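Residue numbers for the sequence shown, in the working numbering: 4 to 409.
All C-beta atoms, glycine included, are put in the ideal place defined by N, C-alpha and C.
No experiment lies behind these values; they were computed from the predicted model shown.
A short write-up of the structure that comes next.
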Amino acid sequence: MKITAARVIVCSPGRNFVTLKIETDQGVTGIGDATLNGRELSVVSYLEDHVIPCLMGRDPQQIEDIWQYLYKGAYWRRGPVTMSAIAAVDTALWDIKAKMANMPLYQLLGGRSRTGVMVYGHANGRDTAETVDEVLRHKEEGYLAIRAQSGVPGLNKVYGVSGHHGASRMYEPADGNLPSEHDWSTEKYLRHTPGLFEAVREAVGPDVHLLHDVHHRLTPIEAGQLGKALEPVRMFWMEDPTPAENQDAFQWIRHHTTTPIAVGEIFNSIWDCKTLIEKQLIDYIRTTVVHAGGITHLRRIADLASLYQVRTGCHGATDLSPVCMGAALHFDTWVPNFGVQEFMPHSEEMLSVFPHDYRFERGMMYCGESPGHGVDIDEKLAAKYPYQRAYLPVNRLQHDGTLWNW
Ligand code: CS2
Ligand code: MG
């Protein structure tokens, strides 16, 4: 069996997506997500100019050898661009192999480990009252796990909150021809957030899992302070409490709080999280199919995590395409140490470009039974949505403009 062609499809049905399609001499094709929000065209070039020429004529069944070839053969290992490109190839090859085996991808990985995939939804509001309303709306829809993000009194624009009530589902941070600028004050955030979650827990009751994304903005000791303040709320997790380049820094959070910690959506290899997992400094690992080297590498991360009772919590924002969501749901259906899957619903416009067989029902998601990962791309429709450059925002401290973590 041979790879005969491969091409990158860039489209923007509401936001930019990058998809790799691989064709074979047996007529079977596979697709993979290669979307890196705000730096999409870097991955396009990495694939078109450097990876695709090396794939021609190779046997698509040799998923592992191709992974090792692209990882070690690049010499310059790791990084979000490299690992997103490798992920796209890997996902497409697993799609092909499952189609050749005439089985849904989760069967090929080792079969079903659970009846369905528990997901968490995004409830956002401009203030505490709106956020409580959104959390209750999600509870009504059957979500068992709900992330809550709210505006902060005295701040103009913060992560995770759209500009108007009820639009929380379509929070799309990448916009504009240049990065927009947000303002930040840790003091105002720490004054506001414990009260937000007291109100949310009071309204939603004890059974719903509550999550929150700090989005890399605190120091370790501030994160310990927040985690301790949130303990009475019994959070499912506090996400990205502090930047994670220094993995050892998380020990200072652990010294002060038992609030569970999730990290890893911006990680792209097992090396980014090895210390965090081995020292049990986290409880959930957020690495994803599209940014952490595909199914092949994500399995290795999950297996390492399972040795230390760390569970998976794959990233699933709308800047990860439906192709990534489809592949992730097969991974989630198989992986023994599953925790939760993020689910930020794509718009109908986005989904129209990516026919898929996964579905949401009362807080759970279910991958389909069709061979492969169950997602395709309508290339004619995709062509109607040309790429539009868009950036993620940057963040500055409100009092003096210091560039901060967004
Ligand atoms: C967020 C993301 O979903 C999350 O947990 O951290 O929305 C993140 O901001 C985007 O994926 C960045 O592209
Ligand atoms: Mg996050």
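Within 9 Å, strictly: CB atoms of residue i and residue j
i, j, result
"Val21", "Val11", "yes"
"His259", "Asp93", "no"
"Tyr123", "Tyr146", "yes"
"Leu193", "Leu158", "no"
"Pro197", "Ala226", "no"
"Ile99", "Gly33", "yes"
"Asp216", "Glu242", "yes"
"Met347", "Thr321", "yes"
"Cys370", "Tyr109", "yes"
"Ala308", "Ile269", "no"
"Ile285", "Ala295", "no"
"Ala393", "Ala252", "no"
"Ala91", "Asp36", "yes"
"Pro246", "Asn408", "yes"
"Val138", "Val203", "yes"
"Arg18", "His185", "no"
"Val378", "His359", "yes"
"Met328", "His349", "yes"
"Gln101", "His376", "Correcting the residue identity first, residue 101 is Ala in this sequence and not Gln. Yes, they are a contact pair."
"Val343", "Met121", "yes"
"Leu199", "Thr131", "yes"
"Pro182", "Val397", "yes"
"Tyr72", "Cys57", "yes"
"Gly41", "Lys5", "no"
C-beta neighbour in chain B for residue i, strict 9 Å
i, result
"Arg150", "Annotation note: the requested chain B is absent from the structure, which comprises a single protein chain."
Segment limits, alpha helix (DSSP H) that includes residue i
i, result
"His125", "His125 -> not in any alpha helix (DSSP H); beta strand (DSSP E) instead, spanning 120-128."
"Phe200", "189-207"
"Asp216", "Here Asp216 belongs to no alpha helix (DSSP H); instead the beta strand (DSSP E) covers 212-216."
"Thr405", "No alpha helix (DSSP H) contains Thr405, which DSSP labels as neither H nor E."
"Thr131", "131-143"
"Gly114", "Where Gly114 is concerned, there is no enclosing alpha helix (DSSP H), given that its DSSP letter is neither H nor E."
"Gly329", "325-337"
"Asp98", "83-103"
"Lys282", "Neither: Lys282 is in no alpha helix (DSSP H) and is coded neither H nor E."
"Arg80", "That residue, Arg80, is in no alpha helix (DSSP H); it is neither H nor E in DSSP."
"Ile273", "It is not in any alpha helix (DSSP H) - Ile273 carries neither H nor E in the DSSP assignment."
"Val46", "43-48"
"Arg220", "Looking at the DSSP string, Arg220 is not in any alpha helix (DSSP H), and its letter there is neither H nor E."
"Pro56", "55-58"
Bridge partner(s) assigned by DSSP for residue i
i, result
"Ala9", "Ile25"
"Arg237", "Looking at the DSSP assignment, Arg237 forms no beta bridge with any residue, so it has no partner."
"Ile264", "Met241"
"Cys317", "Cys317 is not bridged to any residue."
"Val397", "Glu184"
"Glu364", "Met367"
"Glu345", "Tyr123"
"Cys14", "Phe20"
"Val356", "None; Val356 has no bridge partner."
"Tyr287", "Ala265, Arg314"
"Asp178", "Tyr394"
"Val378", "His359"
"Pro107", "Gly375"
Near ligand 2: residue i beta-carbon under 8 Å from a heavy atom
i, result
"Glu242", "yes"
"Ala295", "no"
"His318", "yes"
"Glu268", "yes"
"His218", "yes"
"Arg129", "no"
"Arg289", "yes"
Proximity test, residue i beta-carbon vs ligand 1 heavy atom, cut-off 8 Å
i, result
"Asn40", "yes"
"Pro176", "yes"
"Leu44", "no"
"Val93", "Per the sequence shown, residue 93 should be read as Asp rather than Val. No."
"Asp414", "Past the boundaries of the shown model lies residue 414; the chain is included only from 4 to 409, so the question cannot be answered."
"Tyr162", "yes"
"Asp322", "yes"
"Met106", "no"
"Glu345", "yes"
"Leu332", "no"
"Leu395", "yes"
Opening and closing residue of the beta strand (DSSP E) in which residue i lies
i, result
"Leu149", "According to the sequence shown, residue 149 is Ile rather than Leu. First-last of the beta strand (DSSP E) with Ile149: 148-153."
"Gly297", "First-last for Gly297: 297-310, but that is the alpha helix (DSSP H), not the beta strand (DSSP E)."
"Asp36", "32-36"
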